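Asks: Protein chains in written order, with the numbering used here: chain S, 2 to 344; chain Z, 2 to 344; chain G, 2 to 344; chain E, 2 to 344.
Beta carbons are placed, not taken as given, at the ideal position from N, Cα and C, and that holds for glycine.
Just so it is clear, the structure is predicted and the values come from calculations on it, not from any experiment.
4 protein chains.
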Amino acid sequence: MKLSFASDYNNGVHPALLKLLTETNGSQSESYGFDEWSESARAKIREACQAPDAYISFLTGGTQTNSTLLSAILKPYQGAICPTTGHIAVHEAGAVEITGHKVITLPAHDAKLDAGELERYLSDFFADPESEHCVWPGAVYISFPTEYGTIYSAAEISRIFEICRHYGLKLYIDGARLGYGLAAKGNDVTLPFLAAHCDCFYIGGTKVGALCGEALVFPKGDQPEHFFSMVKQRGALLAKSRLAGVQFDALFTDGLYFQIGAHAIEMAAELKEILSEAGFRFYNFSPTNQQFVIIPDKRVRELLPKVEFSVWGKYDEQSSICRFVTSWATTTEELSRLRGILL
Amino acid sequence: MKLSFASDYNNGVHPALLKLLTETNGSQSESYGFDEWSESARAKIREACQAPDAYISFLTGGTQTNSTLLSAILKPYQGAICPTTGHIAVHEAGAVEITGHKVITLPAHDAKLDAGELERYLSDFFADPESEHCVWPGAVYISFPTEYGTIYSAAEISRIFEICRHYGLKLYIDGARLGYGLAAKGNDVTLPFLAAHCDCFYIGGTKVGALCGEALVFPKGDQPEHFFSMVKQRGALLAKSRLAGVQFDALFTDGLYFQIGAHAIEMAAELKEILSEAGFRFYNFSPTNQQFVIIPDKRVRELLPKVEFSVWGKYDEQSSICRFVTSWATTTEELSRLRGILL
Amino acid sequence: MKLSFASDYNNGVHPALLKLLTETNGSQSESYGFDEWSESARAKIREACQAPDAYISFLTGGTQTNSTLLSAILKPYQGAICPTTGHIAVHEAGAVEITGHKVITLPAHDAKLDAGELERYLSDFFADPESEHCVWPGAVYISFPTEYGTIYSAAEISRIFEICRHYGLKLYIDGARLGYGLAAKGNDVTLPFLAAHCDCFYIGGTKVGALCGEALVFPKGDQPEHFFSMVKQRGALLAKSRLAGVQFDALFTDGLYFQIGAHAIEMAAELKEILSEAGFRFYNFSPTNQQFVIIPDKRVRELLPKVEFSVWGKYDEQSSICRFVTSWATTTEELSRLRGILL
Amino acid sequence: MKLSFASDYNNGVHPALLKLLTETNGSQSESYGFDEWSESARAKIREACQAPDAYISFLTGGTQTNSTLLSAILKPYQGAICPTTGHIAVHEAGAVEITGHKVITLPAHDAKLDAGELERYLSDFFADPESEHCVWPGAVYISFPTEYGTIYSAAEISRIFEICRHYGLKLYIDGARLGYGLAAKGNDVTLPFLAAHCDCFYIGGTKVGALCGEALVFPKGDQPEHFFSMVKQRGALLAKSRLAGVQFDALFTDGLYFQIGAHAIEMAAELKEILSEAGFRFYNFSPTNQQFVIIPDKRVRELLPKVEFSVWGKYDEQSSICRFVTSWATTTEELSRLRGILL
């Protein structure tokens, strides 16, 4: 098998999840989210978030979760603000726009929204009478960690949330790789913190050990009316909801979700060393499981037959931005093989 | 565990699928449908359909598949025709309408579209100059088997397809329970027949043994351009596509899909006997795994604590239409328990 | 010029409106609805409706008004109920569906919704837990007068409004030909009554003497937030809003709107006599300006070169339903010519 | 009446149009675009464009025209490219997004798209396999003149059209103020040139002397199938189409459209002189009827009670970008009054 650091979704499912899927397979259950494992998983997530009133819905993938949520919370005349690098602005094939809503981009700084710029944008927008001819900002979308592996500090999220509340916007946080952000060195954001500092966020399963599944959390239990019907309408309702329920039940048993995160971050630390020793310049500073380095195109061509990684875009005429990713499944043996190839 | 005939999606996954999921779990793979199991499953489905050029896409659920497909093949000014009982007209929370397309209903006869009525509707529509002010029919949606367990004959499908081609409409067949239709006594429809007599259909996985997954088949390989992007856009693209790939690979290995169908039909035959002996009148004649009987409301209330089934609607002031369903997982032991309760 | 009873929108503009358009043409004005004539027209409409708090928006046409309004008041998971003959269900090319909402049809009785059937539908819908998988009814759409010229009594509207309020639905009334309904013999509905018995309605201009323009009225001033932006978004905002403002100002000066209605109804009474004397059977009883008669197809072919009218559909194999329409512009001279042709 | 240079849509209708509206008012006519004046106007526009096969549709406003056209020509997976200053990206309240399509912005240079940047964007996009996860560019939208009064040269449009054809995109040109662009000093674009160098464009009426109305032109007669139904569906079909037909007939009789343009440009030349003499710095160089100057905020506050103009946005902390506009109706007398106020 060729060595791969291409993504955190090219492995199967974490063994603990597979074990529970197997053990529970013989039982019959309710469907559409009312199965016992979904209920159990919800209880555990509520506890982990210290959000006893949270409403939690399990969807299958990230793009689906983002467009279902945003179309449910935005009014017809509203759009969602995000940094130019936001997943919804770039890599979701227009999944928000097909629901009739504009994605309004503000500059990205290390793939993050700047609170000051956000404040200025909103302050100007709401002050200008001409805004009635424009798309009204109704929500802010940010990712934790971001699409480039960076993380917001608790203070940054807190400030953005404050601005959102001041202007009547909802704050929604995409946690596709949340586990890897929470485990990052220097991170001061926790699940309870998130639950208290946004209107809605999702805990990514697909990229953090599950086969599929994202847990969308409304910490205050203030989900839009008939959100269930909207999930169904967007084709995001699992008939056999046990598939997601069982996996999240396992992920939130005995801290597995956090262990997965910690492991991947440990592996990422080694990965960084190797990439650094190989003489690659880092494109940015990422404390999470995605590492971006600049590699001469000639070297890229030499390496790709030996190890898989993602070519993320041109850096300049002679080199590319390349992404290497660790996950719950990354082993020290794989890192040794990488070291062998690069050094 | 309470006895349940409530649905064909309250059991886990068929053991053969779980086995393959487990065996292949250690391997890394491509994602987004390019994994080796998805490729293998496609090859096997193409062979089973005798459709060597078929384009096959794996989605997670039925509602999602229907709305993704219909929104991809309809022009902005078109809608989809279906019988009044059609799933897209009733039980998908408006999943077609949110894509901007009308569901145009024609009368249902045993939950089926009548070819003659369809022909008359289209003939009138296309002859009337006023139609420019109306929604243009662009596709016909039928289910095989239908939402009430009935099946179309090969001749009926053939005739509907002919009409569709004559008027330039696409024919799309929802096969959420296809396996149970194919195995029905008296059925003369086969996978190769379907592949040759419609523009697109899907082979249901979720209700026929999988945890999730539907295989959408364009038999002639004439899927809409960039269909992949449209699947992504609708939030229907699995990152870890192995989840669907592995399951369909197993379903189409050694005829498992057909065996599952045959088993459920055998169980349904016994179920029918039991329901009949219990003195219930059948709401309609269903040769497949869903059986609809009329039960006095008082009796419904007595039975529900002992056995789960679905109350499908009022039949009259004193009785209800009730649905009992078998599946790959139904056992003769369960039927014996039902017999004990009912007789 | 060939004699025509084909529609109430094939004449130009009522002379009084043209006069005011001409007189005011030299002035500069605000745009987008803030011009002085729009303001004046609003004041006059509020007075005519005895609705001092009414919010009034002028749009250009009926289909536009219906889809803009419905998409603004419906939640994403809701649809609009209307009788099968409703304009939005038949003749608007899917203008509601493109906004993502289903049109839910109930049987039409003389083109009207039956309050009892509506009540039963809603009562069943809201009682059924399965409804979470369906489109939620969010509004009721009826037309006054209907697409077949019939009218609701005040008691009927009152009852429908009561039901709507009981179930939390909005009642919206399409008044494309409102002027002709208000003037109908036997009608007991007035503008103040309408304003008090629905959530929103529009006063049709295009078919009642204007070149274009419909006045959408929220009698209680409870229009959806940022409705202006949604009108703009739907392409329904007139830059030179004076066009609609001036015309509605004239229509609501000195009771012109009601005089136009009365005249057309007087002409329709004569028209009915002529059609009756010609031996045509009436398709239904219409007290307004649209008259529907059944004419043998052979006779239709003979007549059409001499007088224009609309062939509305087949009645049976040998005859058609034909529509004859009067308007503000119909003259006794035209009726004499028709008499000469038919008798 | 307060002096106003606020917009080119705050005057009434050009007298020649009013005259023809009045003269033709007594006649009955076909509706929905089939009236004799619409037909006549189409013939004259075809001739003016030297496009004998052109399909021409009259809609009421610019936002409506843009969203109707773009939603009709884009495939579900496509978006429209425009410069960041494009009207559809900024001032249409999301009218394109509600049709399900993304507006993809590229940098604006003098409010114009740069052909080289467009080429690079498309070349990169179509080369990148990851693009399947993104919105596909399907059309380019540019305005002539632009939202800031600037104009493209014939060579620039030609180059953009070439690039569009190379990559399979449609080129659509928003001509809300086309008359003023065609008359601009230094302009080398003509109607026949436009007709030969884009897939679709519209000739603006509302801002060039009409009460409402835009003529959408498909020069090669290759409009999307059932475009009529899509216009209806978007609420953009005028029942009394004579309103648009008569006005465009007058506009294209004896070169009136071009005279209107020439007059406004002449007035704009004087306006520029006055603004210059008043010591205002020009924000950009505009050869058309919109002039943008930078005025200290204090001065803005002093001037607004005396003369209306638009405050377009902040220039810096102490001054604003202000817009002064001329039109068919601007008189030398008004300019004298302005001179009196400013100097």
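Any beta-carbon of chain G closer than 8 Å to the one on Tyr-78 of chain S?
Replies: Numbered from 1 along the first sequence, position 77 holds the residue referred to as residue 78 of chain S. Chain G contact via Cβ: present.
Asks: Which residues of chain Z have a Cβ atom closer than 7 Å to the Cβ of Val-91 of chain G, listed in chain order?
Replies: Indexing the third sequence from 1 puts residue 91 of chain G at position 90. Cys-135, listed in chain order.
Asks: Grab me the residues of Thr-66 of chain G's own chain with a C-beta within less than 7 Å of its C-beta, minus the 5 sequence neighbours each way, in chain order.
Replies: The residue you call residue 66 of chain G lines up with position 65 of the third sequence. The answer, listed in chain order, is Leu-60, Tyr-203, Glu-215, Leu-217.
Asks: How is Glu-318 of chain G classed by DSSP in three states: helix, strand or coil?
Replies: In the third sequence, the residue the question calls residue 318 of chain G occupies position 317. Of the three classes helix, strand and coil, the one that applies to Glu-318 of chain G here is coil, per DSSP.
Asks: Using a Cβ-Cβ cutoff of less than 7 Å, which residues in the same chain neighbour Ile-296 of chain G once the five nearest sequence positions on both sides are dropped?
Replies: The count along the third sequence starts at 1 and reaches residue 296 of chain G at position 295. Cβ within range, chain order: Phe-281, Ser-320, Ser-321, Cys-323.
Asks: Looking at the structure shown, is His-264 of chain Z part of a helix, part of a strand, or coil, going by DSSP?
Replies: For the purposes of this step, residue 264 of chain Z is identified with residue 263 of the second sequence, where counting begins at 1. If DSSP states are grouped into helix, strand and coil, His-264 of chain Z belongs with the helices.
Asks: Check whether the Cβ atoms of Thr-23 of chain S and Trp-38 of chain S lie closer than 8 Å to each other.
Replies: Translated into the one-based positions of the first sequence, residue 23 of chain S becomes position 22. Translated into the one-based positions of the first sequence, residue 38 of chain S becomes position 37. Not in contact: Thr-23 of chain S and Trp-38 of chain S (Cβ atoms no closer than 8 Å).
Asks: Is Arg-282 of chain S helix, strand or coil by DSSP?
Replies: One-based indexing of the first sequence puts residue 282 of chain S at position 281. Three-state result, Arg-282 of chain S: strand.
Asks: Compute the beta-carbon to beta-carbon distance between Gly-80 of chain S and Pro-138 of chain S, rounded to the nearest angstrom, for a pair I have assumed lies under 8 Å.
Replies: Residue 80 of chain S sits at position 79 when you count from the first residue of the first sequence. Residue 138 of chain S sits at position 137 when you count from the first residue of the first sequence. Between Gly-80 of chain S and Pro-138 of chain S, the beta carbon gap of about 6 Å places them in contact (Cβ cut-off 8 Å).
Asks: Along the chain, where does the beta strand (DSSP E) containing Gly-341 of chain G start, and where does it finish?
Replies: Position 340 of the third sequence, counted from the first residue, corresponds to residue 341 of chain G. No beta strand (DSSP E) contains Gly-341 of chain G, which is instead part of the alpha helix (DSSP H) from 333 to 343.
Asks: For Gln-248 of chain S, name the three-state secondary structure that DSSP assigns.
Replies: The residue you call residue 248 of chain S lines up with position 247 of the first sequence. Three-state result, Gln-248 of chain S: helix.
Asks: Among Z:Ala-112, Z:Leu-119, Z:Tyr-168, Z:Leu-123, whose alpha-carbon lies nearest the alpha-carbon of Thr-147 of chain Z?
Replies: For this step, residue 147 of chain Z is matched to residue 146 along the second sequence. Taking only the C-alpha atoms, the option nearest Thr-147 of chain Z is Z:Ala-112.
Asks: Pick helix, strand or coil for Glu-133 of chain E, following the three-state DSSP scheme.
Replies: Against the fourth sequence, residue 133 of chain E aligns to sequence position 132. Helix.
Asks: Leaving out five residues before and five after Ala-90 of chain S in sequence, what residues of the same chain have Cβ atoms less than 6 Å from its Cβ?
Replies: Stepping through the first sequence from its first residue, residue 90 of chain S is reached at position 89. Correct list, in chain order: Cys-83, Val-104, Thr-106.
Asks: Ordered along the chain, which non-local residues of its own chain (more than five positions away) have a Cβ less than 7 Å from that of Tyr-10 of chain E?
Replies: Here residue 10 of chain E corresponds to residue number 9 of the fourth sequence, with the count starting at 1. Here the set comprises Thr-207, Lys-208.
Asks: Can you pull out the residues from the segment 6 to 30 of chain S whose beta carbon lies closer than 8 Å to at least one beta carbon of chain Z?
Replies: Ser-8, Tyr-10, Asn-11, Asn-12, Gly-13, Val-14, Pro-16, Leu-19, Leu-22, Thr-23, Thr-25, Asn-26, Gly-27, Ser-28, Gln-29, Ser-30
Asks: Taking 8 Å as the threshold (beta carbon to beta carbon), is Gln-248 of chain Z in contact with chain S?
Replies: Residue numbering aside, residue 248 of chain Z sits at position 247 when the second sequence is read from its first letter. Proximity of Gln-248 of chain Z to chain S, defined by a Cβ-Cβ separation below 8 Å, is not satisfied.
Asks: With DSSP as the reference, please indicate the residues paired to Gln-292 of chain Z in a beta bridge.
Replies: Numbered from its first residue, the second sequence carries residue 292 of chain Z at position 291. Answer is Z:Phe-325, bridged to Gln-292 of chain Z.
Asks: Quick one: Cα of Thr-289 of chain G to Cα of Asp-36 of chain S, how far?
Replies: Taking the third sequence and counting its residues from 1, one reaches residue 289 of chain G at position 288. Taking the first sequence and counting its residues from 1, one reaches residue 36 of chain S at position 35. About 58 Å.
Asks: Return helix, strand or coil for Phe-219 of chain S, following the three-state DSSP convention.
Replies: What you label residue 219 of chain S is simply residue 218 of the first sequence in a count that begins at 1. Strand.
Asks: Would you call His-1 of chain Z buried or exposed, if buried means 16 or more other Cβ atoms sit within 10 Å of its Cβ?
Replies: Here chain Z has residues from 2 to 344 only, and residue 1 of chain Z is not among them.
Asks: Any C-beta of chain Z within less than 8 Å: which residues of the segment 82 to 116 of chain S qualify?
Replies: For chain Z, the residues of the segment 82 to 116 of chain S that bring a beta carbon within less than 8 Å of one of its beta carbons are Glu-93, Ala-94, Gly-95, Ala-96, Ile-99, Thr-100, in chain order.
Asks: From S:Thr-85, S:Leu-4, S:Glu-40, pick the residue whose C-alpha is nearest to that of Gly-246 of chain S; which is it?
Replies: As a first step, residue 246 of chain S is located in the first sequence; it is residue number 245 there, counting from the start. The alpha carbon of Gly-246 of chain S has as its nearest neighbour, out of S:Thr-85, S:Leu-4, S:Glu-40, the alpha carbon of S:Glu-40.
Asks: Would you kindly report the start and end of the unbroken beta strand (DSSP E) that includes Tyr-203 of chain G?
Replies: In the third sequence, counting from the first residue as 1, residue 203 of chain G sits at position 202. Looking at the DSSP string, the run of the beta strand (DSSP E) that includes Tyr-203 of chain G is 201 to 205.
Asks: Do the segment 222 to 239 of chain E and the segment 44 to 58 of chain E touch if we need at least three Cβ pairs shorter than 8 Å?
Replies: A contact exists between the segment 222 to 239 of chain E and the segment 44 to 58 of chain E.
Asks: DSSP beta-bridge partners for Ile-46 of chain S?
Replies: Here residue 46 of chain S refers to the residue found at position 45 of the first sequence. For Ile-46 of chain S, which the question treats as bridged, DSSP gives no partner whatsoever.
Asks: For Asp-250 of chain G, count neighbouring C-beta atoms within 10 Å of its own C-beta (all shown protein chains included) and say buried if the count is 16 or more, exposed if not.
Replies: Within the third sequence, numbered from 1, the residue matching residue 250 of chain G stands at position 249. By the 10 Å Cβ count, Asp-250 of chain G comes out buried.
Asks: Quick one, which residues of the segment 221 to 244 of chain G are near chain E if we go by CB-CB under 8 Å, in chain order?
Replies: If the cut-off is 8 Å between Cβ atoms, the segment 221 to 244 of chain G has Ser-230, Met-231, Lys-233, Gln-234, Arg-235, Gly-236, Ala-237, Leu-238, Leu-239, Ala-240, Lys-241, Arg-243, Leu-244 near chain E.
Asks: Determine the direct distance from the alpha carbon of Leu-239 of chain E to that of Gly-62 of chain G, and round the result to whole angstroms.
Replies: Position 61 of the third sequence, counting from 1, holds the residue named residue 62 of chain G. Position 238 of the fourth sequence, counting from 1, holds the residue named residue 239 of chain E. Cα to Cα, Gly-62 of chain G sits roughly 7 Å from Leu-239 of chain E.
Asks: Once you ignore the five residues that flank Gly-187 of chain S on each side, which residues in its own chain have a CB closer than 6 Å to its CB?
Replies: In the first sequence, the residue the question calls residue 187 of chain S occupies position 186. Counting only Cβ-Cβ distances below 6 Å, and skipping sequence neighbours, we find Pro-288.
Asks: Looking only at its own chain, which residues have a Cβ that is under 8 Å from the Cβ of Cys-50 of chain Z, when we skip the five neighbours before and after it?
Replies: For this step, residue 50 of chain Z is matched to residue 49 along the second sequence. Excluding positions up to five away in sequence, the list reads Leu-192, Pro-193, Leu-195, Ala-196, Val-218, Pro-220.
Asks: Leu-75 of chain G: which of S:His-227, S:Thr-254, S:Arg-300, S:Glu-274 sits nearest, CA to CA?
Replies: Looking up residue 75 of chain G in the third sequence gives position 74. The shortest Cα separation from Leu-75 of chain G among S:His-227, S:Thr-254, S:Arg-300, S:Glu-274 belongs to S:His-227.
Asks: Can you find a CB in chain S that lies within less than 8 Å of the CB of Thr-64 of chain Z?
Replies: Working through the second sequence from its first residue, we reach residue 64 of chain Z at position 63. Answer yes: the Cβ-Cβ gap between Thr-64 of chain Z and chain S drops below 8 Å somewhere.
Asks: Please tell me whether Ile-261 of chain E and Trp-313 of chain E are closer than 8 Å, where the distance is taken between their beta carbons.
Replies: The residue labelled residue 261 of chain E in the question sits at position 260 within the fourth sequence. The residue labelled residue 313 of chain E in the question sits at position 312 within the fourth sequence. No; because the gap between Cβ atoms is not below 8 Å, this pair is not in contact.
Asks: I'd like the list of long-range same chain contacts for Leu-4 of chain G, defined as Cβ closer than 8 Å, with 5 residues on each side in sequence excluded.
Replies: Looking up residue 4 of chain G in the third sequence gives position 3. Contacts found: Lys-307, Val-308, Glu-309, Glu-335, Arg-338, Leu-339, Ile-342.
Asks: Can you give the Cα-Cα distance for Ser-230 of chain Z and His-15 of chain Z, rounded to whole angstroms?
Replies: Looking up residue 230 of chain Z in the second sequence gives position 229. Looking up residue 15 of chain Z in the second sequence gives position 14. Cα-Cα distance, rounded: 31 Å.
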